[in-house]
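Peer 1: First the structure, then my questions, so here it is.
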Amino acid sequence: FMFYMSLLIWFAKFVKILTRCGKQSQQSVSLLSKTISELLRLKVAGNEAFQAGKYSEAVEHYTAALLSNAESLHFSAICFGNRAAAYQAMGQILDAIADCSLAIALDTSYCKVISRRASLYELIRDYDQAENDLRRLISLLEEQLQDNMSMPSEKLDNVRNNLHRANLRLSALERDARKRTSLNMYLILGIEPSCSAVDIKRAYRKAALRHHPDKAGNFLVRSENIDDTVWSEIVNAIRRDADYLFKIIGKAYAILSDPTMKNK
């Protein structure tokens, strides 16, 4: 529902701008209508591929949708979130985390993706980051309860249930964090413990190249409708999360490439 609403809002803003500028035309509105139709088609195709277990195909559709959109931040956030789910299903954990981070940078209140990223961080045993995301999720859900007490009872119950589950997850995570377990270096690099030194180096180079901070969010195009402050916050969030991901990639390689540290 929110996806369709975001596109309708985008369409309405565009028509309003055209009207204000005195440049509204059948051709301009028709072009925008075709663009929205194509975005809808790509998203639906991605969802259908995902449901059919064709995760690689789903990634392609979501990527195409992202490349076709430069106006709606919410639409891009949804596509990044969906692509993260596909990457996770394929076992590409770093790619999934990176896409979650992009989605959250574009939509800071995207509860579903914040929850997913917390789960992904938990998978690689990065409990501090997972805890941060769960606390952020809990705060957002509490705000939803406070600000929307008049919402339908079914939706209100859903928020309460999500909040209860998030608190339970946080408690369990805090217990795991006290065990001081190290990061899952193999899962970070996407390799098996039986991999050779050559395999480890190859996996590191691939991950470091793919997730270099200088490349993070490169294909995001700034819309004229986004003000400087909002765009600066988005860029800073993307850079911060990319820097962190790159850091743990380097840490994983440093440990796995050192026989002494690897066997600890």
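Heads up: the sequence shown is residues -17 to -1, 1 to 247, going by mature numbering (1 follows the signal peptide of the UniProt record, and there is no 0).
Here a beta-carbon is modelled for each residue, glycine too, at the ideal position from N, C-alpha and C.
Remember, it's a predicted structure, so these values are computed and weren't measured experimentally.
Under 8 Å: do the segment 61 to 79 and the segment 24 to 39 share three or more Cβ pairs, one atom per stretch?
Peer 2: yes
Peer 1: What is the rounded straight-line gap between the Cα of Leu25 and the Cα of Asp78?
Peer 2: 20 Å
Peer 1: Considering only residues of the same chain and omitting the five flanking positions on each side of Ala186, which have a CB-CB separation below 7 Å?
Peer 2: Leu172, Gly173, Ile174
Peer 1: Rounded to whole angstroms, what is the Cα-Cα separation between Glu105 and Val204?
Peer 2: 32 Å
Peer 1: Using the C-alpha atoms, what's the distance from Thr243 back to Leu56?
Peer 2: Our two residues, Leu56 and Thr243, have alpha carbons roughly 46 Å apart in a direct line.
Peer 1: Leaving aside the five residues before and after Tyr227 along the sequence, list all residues of the same chain whose C-beta is less than 6 Å from its C-beta, in chain order.
Peer 2: none
Peer 1: Is it true that the CB of Ala81 sits closer than 8 Å to the CB of His194?
Peer 2: yes
Peer 1: Can the beta-carbon of Ile107 be found closer than 8 Å to that of Ile76?
Peer 2: Ile76 is positioned such that its CB atom lies closer than 8 Å to that of Ile107.
Peer 1: Are there 16 or more other CB atoms within 10 angstroms of the CB of Ala235, so buried, or fewer, so exposed?
Peer 2: buried
Peer 1: Rounded to the nearest angstrom, how far is the Cβ of Leu146 from that of Leu124, given a contact under 8 Å?
Peer 2: In this structure Leu146 touches Leu124 by the C-beta definition: roughly 4 Å separates them, less than 8 Å.
Peer 1: Let me make sure I understand the geometry here. Which of Asn131, Asn219, Phe63, Ser240 has the alpha-carbon closest to that of Cys178?
Peer 2: Ser240
Peer 1: Using the Cα positions of Lys95 and Asp182, report the straight-line distance between them to the nearest angstrom.
Peer 2: 34 Å
Peer 1: Quick check on DSSP: helix, strand or coil for Cys4?
Peer 2: Confidence in Cys4 is poor, its pLDDT being 49 and thus under 50, which makes the residue's placement unreliable; the coordinate value appears in the next sentence. The three-state secondary structure of Cys4, taken from DSSP, is helix.
Peer 1: Check the C-beta distance from Leu50 over to Phe202 and give it rounded, since I have them as a contact under 8 Å.
Peer 2: 7 Å
Peer 1: So, helix, strand or coil for Asp90, using DSSP?
Peer 2: coil
Peer 1: Among Tyr110, Gln34, Ile121, whose alpha-carbon lies nearest the alpha-carbon of residue 253?
Peer 2: Here the chain has residues from -17 to 247 only, and residue 253 is not among them.
Peer 1: What is the residue span of the alpha helix (DSSP H) that Ile219 lies within?
Peer 2: According to the sequence displayed, residue 219 carries Asn and not Ile. From DSSP, the alpha helix (DSSP H) with Asn219 extends over 211 to 239.
Peer 1: Would you decide whether Asp224 is buried or exposed? Buried here means 16 or more other CB atoms lie within 10 Å of its CB.
Peer 2: buried
Peer 1: Put Lys26 into one of helix, strand or coil per three-state DSSP.
Peer 2: helix
Peer 1: Starting from the Cα of Leu139, find the closest Cα among Thr212, Ser20, Leu128 and give me that residue.
Peer 2: It is Leu128 whose Cα lies nearest to the Cα of Leu139.
Peer 1: Check each candidate in Cys62, Glu54, Ser20, Arg143 and name the one with the smallest Cα separation from Asn30.
Peer 2: Cys62
Peer 1: Compute the Euclidean distance between the alpha carbons of Val27 and Arg188, then round it to the nearest angstrom.
Peer 2: 34 Å
Peer 1: Give me, in chain order, the residues of the same chain whose beta-carbon lies closer than 8 Å to that of Ala180; leave out the 5 immediate sequence neighbours on both sides.
Peer 2: Counting only Cβ-Cβ distances below 8 Å, and skipping sequence neighbours, we find Ser240.
Peer 1: Which runs of the beta strand (DSSP E) spanning at least 3 residues fall entirely within the segment 48 to 76, listed in chain order?
Peer 2: none
Peer 1: Hey, Asp116 and Arg100 are a contact pair by Cβ (cut 8 Å); roughly how many whole angstroms apart?
Peer 2: 5 Å
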